[in-house]
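Q:
Residue numbers (our numbering): 66 to 144.
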């Protein structure tokens, strides 16, 4: 299992984000990810036990693309 945390510069609706995340063709074969939103902080838990770890740069790129589809002005700071 892996955990990633990010702080967004503005709030994002979790349902809208999950919809944006699911349409990303780059994540088709990647492990299942659970997201938790608390204010502008997002926690992502990647269930990668069987599949091996998801490379950090690749996950961050997929996450950033999902955010950008919702709001191009939203900045992401990784914690």
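All residues carry an ideal CB built from backbone N, CA and C; glycine is no exception.
1) State yes or no: is the C-beta of residue 67 within less than 8 Å of the C-beta of residue 129?
2) Taking all protein chains shown into account, decide if residue 131 is buried (16 or more other Cβ within 10 angstroms of its Cβ) or exposed.
3) DSSP puts residue 162 in a beta bridge; with which residues?
4) Please list, in chain order, all residues of the same chain as residue 119 whose beta carbon is under 7 Å from its beta carbon, the five residues on each side excluded.
5) Just to confirm the assignment, what range does the beta strand (DSSP E) spanning residue 126 have?
6) Rounded to the nearest angstrom, what separates residue 143 and residue 72 at their Cα positions?
7) Measure the Cβ-Cβ separation of residue 107 and residue 70 and say whether it is below 8 Å.
A: Answer, in terms of the structure:
1) no
2) buried
3) In the structure as shown, the chain starts at 66 and stops at 144, and residue 162 therefore has no counterpart that could be examined.
4) 67, 95, 96, 111, 113
5) Residue 126 -> not in any beta strand (DSSP E); alpha helix (DSSP H) instead, spanning 121-135.
6) 6 Å
7) yes
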